[in-house]
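Below is one structure, written out as structure tokens, with a few remarks after it.
Residue numbers (my numbering): 576 to 1084.
Right, here's the structure in full:
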């Protein structure tokens, strides 16, 4: 009994030491591992050619008159709202998109470079519901959004604060965007996203950024990366085009992202869906270069399959994984930074389904060389819910992926020949000099997974991983310290928000 108590005391002391360690934010990933490419050169060309056929012969609807006029002036074939784009025109416009760009944070140490061999992780996005601290499902609030932003700030391996991590449904819809953007500016100093649900909300996002960074600075630098979605199949609507235009004019980046559910919004065929997605995203990105040549843009994709029995989205299955690899190859073909993947799953709670579907999506996401990963932490219920426990479980996995992306250590210390010589046949390595130097950092140690004996686990409450994740989220929130923000800038932000809210209605839907 005394021995068991001593072991438990030592274990708890080690956990406390890890918990009390100073917070060290990690730089975004620069991958040191090889890419995995699913298509050979011939296969990649087949997809490209089919996409060009879609653009030239079928066309894309642009349901916005100013956008149609820009395409008309550029030399595209316009028939009503249908735009058919010659490949030469398309490729010329794509050539002006930067292959990578820096998104500046208000803390320069948190700047991220999007493109090349870099991978940036951001949390989940757009969930109307939350799985709370009692694992209850309820509508999200502004306090929940603030909590998730704080958790993102306190998570070293999330490099980007994201955007609408959960919808604060207790704030009137016309005013909600102001509180969302301010929450990121106030409670984190990592880079963040703007709002795209209406062009005027994108304008407000840029205006707030001008207050935070200064107009002169954002005239020359990217401080916002947002996301707009194509209405698949093959429609760009006025709302999304309006927001896209605002950000392109301001030189701010956008993840230009078709929302593909293969079998419903794209063909019930993996390669056919990728061909359509490719045409949609290239048309959207090329349009931004009509607005402002050189505006930074990201080749975006969100890919799932649809159950042919129920019509529900399916995630973590083989076909979306193949799509992730293929869109990565296509983006590199066009020399564009790209976004795809995430911890996607259709599970209602943070159970085994949530875990295996999430990792079945995230492993291809990393190996495909994704530059910007949205939905990296907290995603549940096909995006309808953001879970506190799931957020911390995902953050734990992301930290492991960050280590994995560094690749094997082939240095003298990593090869450990010294230890092998010291121990020799029949010994053990626990006490040797190399182990003593490296035992704290040699292997990743999760503080959510439980690797103790059954008896120890039972004596400590027999908790599951989700419960441990929730408890960690509560602890991290208790330890949160707000990053400093110039009081004059903060007051200017609040003044702008007060003025805009006075002009806007209080509609709740």
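Note that CB positions come from ideal geometry on N, CA and C, so glycine has one too.
All values reported here derive from a predicted model rather than from experimental measurement.
Which whole-angstrom value describes the C-beta separation of residue i and residue j, a residue pair presumed to lie in contact below a C-beta threshold of 8 Å?
| i | j | result |
| --- | --- | --- |
| residue 830 | residue 873 | 5 Å |
| residue 747 | residue 1081 | 5 Å |
| residue 828 | residue 777 | Actually they do not touch by this definition, with Cβ atoms about 12 Å apart. |
| residue 1022 | residue 1032 | Their Cβ separation, rounded to whole angstroms, is 15 Å, which puts residue 1022 and residue 1032 out of contact at 8 Å. |
| residue 722 | residue 1052 | 6 Å |
| residue 953 | residue 920 | Not really, about 11 Å apart at Cβ, beyond 8 Å. |
| residue 1019 | residue 1048 | No, residue 1019 and residue 1048 are not in contact; Cβ-Cβ is about 20 Å, not under 8 Å. |
| residue 903 | residue 948 | About 12 Å; that fails the 8 Å criterion. |
| residue 823 | residue 797 | Contact doesn't hold; Cβ gap of about 11 Å is too wide. |
| residue 678 | residue 743 | Actually they do not touch by this definition, with Cβ atoms about 24 Å apart. |
| residue 849 | residue 622 | 6 Å |
| residue 840 | residue 876 | So it is not a contact: roughly 13 Å between Cβ atoms. |
| residue 930 | residue 896 | 16 Å between Cβ atoms; not a contact. |
| residue 706 | residue 960 | 5 Å |
| residue 805 | residue 847 | 16 Å between Cβ atoms; not a contact. |
| residue 653 | residue 647 | 5 Å |
In chain order, what residues of the same chain lie with their CB nearer than 8 Å to the CB of residue i, ignoring the 5 residues before and after it?
| i | result |
| --- | --- |
| residue 809 | 629, 633, 634, 635, 636, 851, 854 and 855 |
| residue 649 | 664, 668 and 865 |
| residue 900 | 611, 612, 613, 614, 939, 942 and 943 |
Classify residue i: buried if its beta carbon has 16 or more other beta carbons within 10 angstroms, exposed otherwise.
| i | result |
| --- | --- |
| residue 605 | exposed |
| residue 759 | buried |
| residue 756 | buried |
| residue 1077 | exposed |
| residue 1003 | exposed |
| residue 987 | exposed |
| residue 972 | buried |
| residue 878 | buried |
| residue 803 | buried |
| residue 978 | exposed |
| residue 641 | exposed |
| residue 845 | buried |
| residue 741 | buried |
| residue 913 | buried |
| residue 616 | exposed |
| residue 1016 | exposed |
| residue 951 | buried |
| residue 725 | buried |
| residue 736 | buried |
| residue 1036 | exposed |
| residue 868 | exposed |
Apart from the five residues just before and just after residue i, which ones in its own chain have a Cβ nearer than 7 Å to its Cβ?
| i | result |
| --- | --- |
| residue 785 | 793 |
| residue 764 | 680, 681, 682, 685 and 1058 |
| residue 1007 | 994, 997 and 998 |
| residue 1083 | 747 and 748 |
| residue 1060 | 761 |
Only counting the same chain, and skipping five residues up and downstream in sequence, which positions put a Cβ closer than 6 Å to that of residue i?
| i | result |
| --- | --- |
| residue 923 | 956 |
| residue 1045 | 708, 963 and 964 |
| residue 750 | 1076 and 1079 |
| residue 625 | 850 |
| residue 674 | 690 and 910 |
| residue 928 | 922 |
Of the residues the options, which one's Cα is nearest the Cα of residue i?
| i | options | result |
| --- | --- | --- |
| residue 727 | 966, 1042 and 1029 | 966 |
| residue 676 | 1075, 946, 942 and 916 | 946 |
| residue 811 | 911, 643, 767 and 729 | 643 |
| residue 771 | 738, 796, 791 and 761 | 738 |
| residue 894 | 607, 833, 843 and 861 | 843 |
| residue 631 | 641, 826, 624 and 659 | 659 |
| residue 981 | 608, 838, 961 and 752 | 608 |
| residue 602 | 689, 619 and 626 | 689 |
| residue 700 | 749, 976 and 768 | 768 |
| residue 598 | 1054, 839, 868 and 917 | 1054 |
| residue 1062 | 787, 687, 807 and 886 | 787 |
| residue 783 | 710, 1056, 670 and 825 | 825 |
| residue 857 | 1083, 671 and 983 | 671 |
| residue 619 | 984, 1040, 934 and 905 | 905 |
| residue 696 | 1036, 1065 and 969 | 969 |
| residue 932 | 888, 909, 1042 and 1000 | 888 |
| residue 976 | 1066, 837, 918 and 1064 | 918 |
| residue 1041 | 639, 651, 959 and 711 | 711 |
| residue 838 | 1067, 859, 883 and 868 | 883 |
| residue 687 | 724, 773 and 799 | 799 |
| residue 886 | 861, 836, 645 and 869 | 836 |
| residue 715 | 869, 1038, 745 and 867 | 745 |
| residue 693 | 790, 907, 1073 and 868 | 907 |
| residue 833 | 871, 790 and 898 | 898 |
| residue 870 | 661, 795 and 815 | 795 |
Practice problem: Mind the definition here: the segment 715 to 733 touches the segment 985 to 992 only if three or more C-beta pairs lie below 8 Å; say whether that holds. | Solution: no
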